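Student: I am attaching a structure below and will ask some questions about it afterwards.
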Amino acid sequence: MATVEGRPAQYGVTLQQLRELMETRGHEAIQRIHDEYGGIQDLCRKLYTSPTDGLSGSAADLEHRRATFGANSIPPKPPKTFLQLVWEALQDMTLIILQVAAFVSLVLAFIEPEDHDSGHGGKPKEPGESEAGWIEGVAILVSVVIVVLVTAFNDYTKERQFRGLQSRIEQEHKFAVIRGGEVHQIAVSEIVVGDICQVKYGDLLPADGIIIQSNDLKIDESTLTGESDHVKKGEHTDPMLFSGTHVMEGSGKVLVSAVGVNSQAGIILTLLGAAHTESKEQKKRRRRKHATSKLAKRSCLHSPNLTQMTKKRPCLGTRTWATSLPTPTWNPPVRIPLSPPARRPKRT
Numbered sequence: 003m004a005t006v007e008g009r010p011a012q013y014g015v016t017l018q019q020l021r022e023l024m025e026t027r028g029h030e031a032i033q034r035i036h037d038e039y040g041g042i043q044d045l046c047r048k049l050y051t052s053p054t055d056g057l058s059g060s061a062a063d064l065e066h067r068r069a070t071f072g073a074n075s076i077p078p079k080p081p082k083t084f085l086q087l088v089w090e091a092l093q094d095m096t097l098i099i100l101q102v103a104a105f106v107s108l109v110l111a112f113i114e115p116e117d118h119d120s121g122h123g124g125k126p127k128e129p130g131e132s133e134a135g136w137i138e139g140v141a142i143l144v145s146v147v148i149v150v151l152v153t154a155f156n157d158y159t160k161e162r163q164f165r166g167l168q169s170r171i172e173q174e175h176k177f178a179v180i181r182g183g184e185v186h187q188i189a190v191s192e193i194v195v196g197d198i199c200q201v202k203y204g205d206l207l208p209a210d211g212i213i214i215q216s217n218d219l220k221i222d223e224s225t226l227t228g229e230s231d232h233v234k235k236g237e238h239t240d241p242m243l244f245s246g247t248h249v250m251e252g253s254g255k256v257l258v259s260a261v262g263v264n265s266q267a268g269i270i271l272t273l274l275g276a277a278h279t280e281s282k283e284q285k286k287r288r289r290r291k292h293a294t295s296k297l298a299k300r301s302c303l304h305s306p307n308l309t310q311m312t313k314k315r316p317c318l319g320t321r322t323w324a325t326s327l328p329t330p331t332w333n334p335p336v337r338i339p340l341s342p343p344a345r346r347p348k349r350t
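My numbering numbers the first residue of the sequence shown as 3 and each following residue consecutively.
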């Protein structure tokens, strides 16, 4: 039989059993722990841990527990590539209007007007006009390319800075764990199933667990249930604690039973991983873009060149209106901020 640090490598409880156990609440959870595992003390023995001294803390034991029950980390969503950010920037309605208008301008630049237009009061074609007519359309396309590249670069830089900040926060977040009979402050990513954690007022729980001992413990579970009422927890009332919840009152000692993607919060995040949710800032940005697009279209339709067309100007005059349509002097994309993103996040 395989052994780890002198004990059997096979635990007395499986990962699936622990996940099913953490789905229960209240007296149902107490009854299940007593009937299936013989109580919290026997459950600790099945996980080869001590309620008073915790784990031994040996590297081999910790690595074996991570391989069996998983690590206390949730893989982040893969970052967007620069090309993906470029594509998203191109979806702006104002830029789409400008691109279409630029192509129309280029097409009209190479259309030769008929000679008899000047006989009806049309403006005669100036020398070199046909050769220079394409410049306006190309200038619009170049400005669109610059705006898209700058926007994508800013988004790419901000995303990298945000991920770096998030990684640093996770590394600096420590939690009190009993190992070898002593209390150690370790990074939350190093917590494994079988650890004995000390929880107190103000703590953000890093993993799912079962209460071994408590003192007037109250938890804010609004991140999971949406209810703001504090839930009273205890070994005789409701011993289940969940990652991502806050300790609002009291203290206690907890046996870690699920970590990372196997915790209740991890399961929810995994199920919602494919869903796209907009933040408040993203919603505001989308509304601003939509309003700007409407304003751009209205200003173009009320431009003085439109008045020239309604006065039955000849084809050349109409052509002049078409080429000047997409270039209002206050073009919003040209005013997109070019400054780099802030190096520090705003303090709350």
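Cβ coordinates follow ideal geometry from the N, Cα and C atoms, glycine included. Source: prediction; values computed, not measured.
Pull up the distance between the alpha-carbon of Q102 and that of Q163, whole angstroms please.
Tutor: Inspection of the sequence shows that residue 102 is occupied by Val rather than by Gln. Answer to the nearest angstrom: the Cα atoms are 35 Å apart.
Student: If we call anything under 7 Å between Cβ atoms a contact, is I214 one with I35?
Tutor: no
Student: Which value, in whole angstroms, describes the spacing of the CA atoms of Q173 and L45?
Tutor: 30 Å
Student: Looking at the secondary structure, which residues open and close the alpha helix (DSSP H) in which E229 lies?
Tutor: Per DSSP, E229 belongs to no alpha helix (DSSP H) and is neither H nor E.
Student: Should V88 and V150 be called a contact, given that it needs their Cβ atoms to be closer than 7 Å?
Tutor: The criterion of a C-beta distance shorter than 7 Å is satisfied by V88 and V150.
Student: Express the C-alpha separation of K82 and A11 in angstroms, rounding to a whole number.
Tutor: 41 Å
Student: Would you tell me roughly how many angstroms separate the C-alpha atoms of I142 and I113, rounded to the nearest one?
Tutor: For I142 and I113, the distance between alpha carbons rounds to 19 Å.
Student: Checking the sheet assignment: what are the DSSP bridge partners for C199?
Tutor: V179, V256
Student: Could you give the DSSP three-state label for R264: helix, strand or coil?
Tutor: For clarity, residue 264 is Asn in the given sequence; the question names Arg instead. In this structure, N264 counts as helix in the three-state DSSP scheme.
Student: Since N156 is in the alpha helix (DSSP H), which residue starts that stretch and which ends it?
Tutor: 136-174
Student: What's the gap between the Cα of G246 and the Cα of D210?
Tutor: 9 Å
Student: With M242 and D222 assumed to form a contact (beta carbons below 8 Å), what rounded beta-carbon distance in angstroms separates them?
Tutor: About 15 Å separates the two Cβ atoms, so there is no contact after all.
Student: Are R67 and G262 touching if we call contact CB-CB under 7 Å?
Tutor: no
Student: Less than 6 Å separating the Cβ of L23 from some heavy atom of the ligand NAP?
Tutor: Among the components of this structure there are no ligands whatsoever, and the ligand NAP is therefore not found.
Student: According to DSSP, simplified to helix, strand and coil, what is Q25?
Tutor: For the record, residue 25 in the displayed sequence is Glu; it is not Gln. Of the three classes helix, strand and coil, the one that applies to E25 here is coil, per DSSP.
Student: If we call anything under 7 Å between Cβ atoms a contact, is R181 one with L57?
Tutor: yes
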